[in-house]
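To keep things clear, I will list the structure first and then write my remarks on it.
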Amino acid sequence: MRKLRVVIAKPGLDGHDRGAKVIARALRDAGMEVIYTGLRQTPEMIASAALQEDADCIGLSILSGAHNHIAPRLMELLKEKGLDDVLVVIGGIIPDVDIPKLKAIGVKGIFLPGTPMQDIIEFISGNVRTRV
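With this note's numbering, the residue at position 79 of the sequence shown is 85, and numbering never jumps.
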């Protein structure tokens with residue numbers, strides 16, 4: 007069986023990537039194939055990486071507060087590229103008031119600081135698209 011492929015990205019100008027690296031390692035340890043795109047990724051770069059890597063899931067790590075700008079643009083690009091079935095999750099500092107808006111545009115999982123790694127692993131495993 008093919009491993010789940012997860013693209014982990016740090017969009018925007020936030021230069022703090024320790025959390026993204028911790029998540030990447032936890033997902034790898036859980037048997038997923040993880041592609042970490044690095045810091046300062048644009049929505050265009052993330053969508054392109056998802057297409058090139060045949061991603062099942064995109065995980066965004068956002069601590070800068072730019073989620074209301076980045077997530078809608080990414081979701082638009084994924085739809086344009088025919089990748090609207092790729093699971094998108096966000097981890098980071100997300101105010102409660104923004105969560106319904108993010109879910110309304112198609113972000114499936116939102117994980118705040120302190121979320122147990124196992125919860126994130128189980129969410130991704132249980133919610134990725136099914137492959138033919």
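Think of the CB as a built atom: it goes at the ideal place given N, C-alpha and C, for glycine as much as any other residue.
Quantities reported herein were computed from a predicted structural model and do not represent experimental measurements.
Through-space distance from Gln47 to Gly18, alpha-carbon basis: The residue you call residue 18 lines up with position 12 of the sequence shown. The residue you call residue 47 lines up with position 41 of the sequence shown. If you take the alpha carbons of Gly18 and Gln47, they lie about 6 Å apart.
Cα separation between Val28 and Ser131? In the sequence shown, counting from the first residue as 1, residue 28 sits at position 22. In the sequence shown, counting from the first residue as 1, residue 131 sits at position 125. So the alpha carbons of these two residues sit roughly 18 Å apart.
Determine which residues share a DSSP beta bridge with Ala15 and list them. Looking up residue 15 in the sequence shown gives position 9. BP columns for Ala15 point to Leu66.
The alpha helix (DSSP H) spanning Gly25 covers which residue range? Numbered from its first residue, the sequence shown carries residue 25 at position 19. Looking at the DSSP string, the run of the alpha helix (DSSP H) that includes Gly25 is Arg24 to Asp35.
Cα-Cα separation between Gly25 and Ser67, rounded to whole angstroms: For the purposes of this step, residue 25 is identified with residue 19 of the sequence shown, where counting begins at 1. For the purposes of this step, residue 67 is identified with residue 61 of the sequence shown, where counting begins at 1. If I take the Cα positions, the gap works out to 8 Å.
Per DSSP, which one or two residues make a beta bridge with Glu98? Taking the sequence shown and counting its residues from 1, one reaches residue 98 at position 92. First, the residue type needs correcting, since residue 98 is Gly and not Glu in the sequence shown. Paired residues: Ile68.
Quick one: residues in its chain with C-beta nearer than 6 Å to the C-beta of Leu93, no 5 flanking neighbours on either side, listed in chain order? Along the sequence shown, read from residue 1 onward, the residue named residue 93 stands at position 87. Around Leu93: Cys63, Lys114, Asn133 and Val134.
Per DSSP, which residues does Ile116 bridge with? Please list them. Start at 1 with the first residue of the sequence shown, and residue 116 comes out as number 110. Answer is Ile96.
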